[in-house]
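Q:
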Ligand code: THU
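In UniProt numbering, the protein residues as written are 1 to 136.
1. Would you say the beta carbon of residue 73 comes nearer than 7 Å to a heavy atom of ligand 1?
2. To which residues of the same chain is residue 139 closer than 6 Å at the C-beta, ignoring the five residues directly before and after it?
3. Report the rounded CA-to-CA distance for residue 101 versus residue 121, giving the unit in angstroms.
4. Below 8 Å on the Cβ atoms is my contact criterion, and I expect residue 55 with residue 46 to pass it. Report the Cβ-Cβ distance as a whole number of Å.
5. Kindly indicate which residue of 128, 112 and 107 has the alpha-carbon position closest to the one of residue 118.
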């Protein structure tokens, strides 16, 4: 699957805004919505640790605020360049993405140097529960 440069750049720029004084693990995410618009977000931590928010959640909020409701593809950038560790979305964020995406939706994960790989949502969250289960 080709790795879209514009989404990487948007996610990397969002990562630079990460508020992560506690973990010092900066993450950025960028969503391409079905209308072609791109929406980015970073992780926002909190002194009350559980109240921290992942980059994907921030990006989803930005997308919804812009009036879009369908994710075409999403990129996540986290981890140092050359770390070799992929910052795949956490379990909670896989479910958050699921609300606005289907099993074939690409999720591109990169380290800060641009190395990475692509998955589908169905690979990362198989047999998922979604709006269709509730008749939506
Ligand atoms: N984090 C994200 O923003 N997205 C992910 O997919 C994984 C983890 C953040 C949460 C926390 O601020 C930091 O990375 C370390 O867990």
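All C-beta atoms, glycine included, are put in the ideal place defined by N, C-alpha and C. Predicted, not measured: the structure shown is a model, and the values here were computed from it.
A: Once the coordinates are examined:
1. no
2. No information on residue 139 is available, as it lies outside the stretch 1 to 136 that the chain covers here.
3. Going from the Cα of residue 101 to the Cα of residue 121 covers about 8 Å.
4. Incorrect: roughly 14 Å between the Cβ atoms, too far for contact.
5. 107
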